[in-house]
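Contents: one structure, followed by commentary.
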Amino acid sequence: MPIDPVALTADLVRCPSVTPAEGGALVLLDSVLTDAGFTCTRVDRGGVANLFARWGAKGAPRSFGFNGHTDVVPPGDPALWRTDPFGGTIRDGRLYGRGAADMKSGVAAFVAAAVAHVQGRAPGDGAILLAITGDEEGEAEHGTRALLDWMAREGEAMSVCLVGEPTCPDTLGQMMKIGRRGSLNGWFTIRGRQGHSAYPERALNPLPAMARLVDRLSSAPLDQGSAHFDASTLAFVTVDTGNPATNVIPSEVRATVNVRFNDLHSGASITARLRAEADRIAQEFGVEADLRVKVSGESFITPPGDFSALVAQAVRDETGIDPVLSTSGGTSDARFIRAHCPVVEFGLSGQTMHQIDEYAKVDEIAALARIYRRILDAWFA
Ligand SMILES: [Zn+2]
């Protein structure tokens, strides 16, 4: 039986799978895929449900992987929605609901494409592997990572992987992602000596030191961009003393910085740069300057090649649009997969992701399933 990707998206939206709740979404996919001849395994870890499905033989030399998530962010106040956020209502060509765009439609489109592709076909030396997680919007600790750990133990490997996250700014076909910038958060603390603001000579004010630090780091570009990436960015997002008094020089000031870096840097090199600046400020002002850092993800790229060309061709054939090969945006689970195989991301337009009245256009869901089908047909041709 062919699967209607729009109906399957609506059914998935009706599963209230707010991270980390499974909400029935993976149970539904398990039954749809099992009926179509896939071997399904639940890979649950740390209170998170994940689903692995394979068509074809384990360890097949040529395997096409798909990664996506069925968990969603909370809907917010349901009264602000024009429809039930878990109703999967279709109105004026739009399917409304939490996860309609991010990314139950992407999962449904891929499942429909995979089932259509395998119909009446023998696997031969090829396999289709679906790694679907219930923890992308949360900590992502027990989601795709758990699936990849399990796959490594079981000898399940992907030759290439397509992540079905929304990638297009407005219209289906505009953009695919071949990499992502890295992201790092840094927390600076500068300590001086508290005192009366009428006698600043008896205190050591940490504020001018922090102001200089913020200014220096903010005004020195990290780079001018690289072959496939825009310039790295650095943004201070807080500066705080928490000081309620006007006649007290505070002893301490804190600031937080977020750095999005391209392939000219690493988490370690950015950390070294921030630390060197803090040390310099400590020297110049006689203050104590501390830095704590968390790297959320390193930058990565799948250089344009056969796989990205195949995906781009399928997009062009279906939509008539030549997709931009981009590395923009935030992080995704592709950051974990890139250590295993070439990974490319392509999906719907993501304008309404995480918003009230999130929706996907019905005709774009159907077109996305046709694009995924073209990709599978071309990959196994
Ligand atoms: Zn997503």
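Each residue of the sequence shown is one higher than the one before, starting from -9 at the first, in our numbering. Glycine is no exception: its CB is placed at the ideal position from the N, C-alpha and C atoms. Since the structure is predicted, the reported quantities are computational estimates derived from the model, not experimental observations.
Spell out the partners DSSP gives residue i in its beta bridges.
i    : result
C30  : A43
A121 : F42, N57
R181 : E242, E278
T223 : R250
N175 : N248, K284
V22  : Partner(s): none; V22 has no beta bridge.
V229 : A245
Y349 : Y86
I80  : L85
G116 : R52
F290 : R170
R192 : The partner list for R192 (beta bridge, DSSP) is empty, contrary to what the question assumes.
S339 : C158
R263 : According to DSSP, which records beta bridges pairwise, R263 is partnered with nothing at all.
A17  : Looking at the sequence itself, residue 17 is Val, so the reference to Ala does not match. Partner(s): none; V17 has no beta bridge.
V62  : V8
R35  : V38
Out of the options, which one is the CA nearest neighbour of residue i?
i    : options                 : result
L162 : Q341, E242, Q345, I168  : Q341
G276 : D367, F290, A245, P198  : P198
P159 : V62, S339, E308         : S339
I118 : A69, D61, T134, N57     : N57
S53  : G89, M(-9), A121, V22   : A121
L315 : R325, V301, T321, D307  : V301
G124 : G176, V97, A235, T9     : T9
E348 : G49, P196, R81          : R81
F42  : V285, A329, K167, T134  : T134
P240 : L194, F226, D280        : L194
Y189 : A142, S173, R143, V238  : V238
A359 : A50, A102, V38          : A102
G405 : R282, E146, A272, R270  : An answer regarding residue 405 cannot be provided, because it is not within the stretch -9 to 371 covered by the chain.
S208 : G78, L152, T246         : T246
V3   : K284, I365, P64, V108   : P64
H186 : V229, E144, T236, G154  : T236
G36  : R111, A0, L137          : L137
E155 : R263, W71, A98          : A98
D67  : T60, F76, D61, H59      : F76
A356 : F100, T31, K48          : F100
G172 : S318, A0, V17, I180     : S318
A47  : E126, G215, P196, A112  : A112
V305 : I168, K284, G337        : G337
L70  : F370, K167, I346, N248  : I346
G96  : E278, E131, V229, L(-2) : L(-2)
H218 : R181, R170, T179        : R170
M200 : R263, V229, L174        : V229
A262 : P51, E274, G215, K284   : K284
A368 : A329, P313, D307, D312  : D307
L366 : A0, V108, V62, T60      : V108
L16  : W45, V(-4), V62         : V62
Could you compute how far the alpha carbon of residue i sits from the alpha carbon of residue j?
i    : j    : result
G116 : V204 : 54 Å
R265 : D74  : 49 Å
K351 : D323 : 24 Å
S373 : E129 : With the chain covering -9 to 371 only, the question about residue 373 has no answer from this structure.
E267 : T292 : 32 Å
S289 : N252 : 6 Å
A418 : V33  : Outside the displayed span of the chain (-9 to 371) sits residue 418, for which this structure offers no information.
A26  : G310 : 31 Å
S149 : M93  : 23 Å
Y362 : L254 : 32 Å
R202 : E335 : 40 Å
W140 : T223 : 35 Å
R88  : H344 : 7 Å
I260 : T231 : 25 Å
Q184 : E242 : 8 Å
G287 : L174 : 7 Å
R206 : R270 : 11 Å
V105 : Q164 : 26 Å
A142 : G182 : 51 Å
R84  : R244 : 46 Å
D213 : F28  : 47 Å
F178 : E131 : 26 Å
Q273 : G176 : 20 Å
At what residues does the alpha helix (DSSP H) containing residue i begin and finish?
i     : result
S316  : That residue, S316, is in no alpha helix (DSSP H); its beta strand (DSSP E) goes 314 to 316.
V108  : 95 to 108
M141  : 134 to 144
M372  : Given that the chain is displayed from residue -9 to residue 371, the structure contains no residue 372 and the question cannot be resolved.
A(-3) : -5 to 3
I327  : 324 to 327
L300  : 296 to 309
Please report the residue range of the beta strand (DSSP E) in which residue i lies.
i    : result
E335 : 333 to 335
G162 : The residue asked about is misnamed: residue 162 is Leu in this sequence, not Gly. Per DSSP, L162 belongs to no beta strand (DSSP E) and is neither H nor E.
L152 : 150 to 153
Contact set, ligand 1 heavy atom to C-beta under 6 Å:
This selection yields H59, D92, M93, E126, E155.
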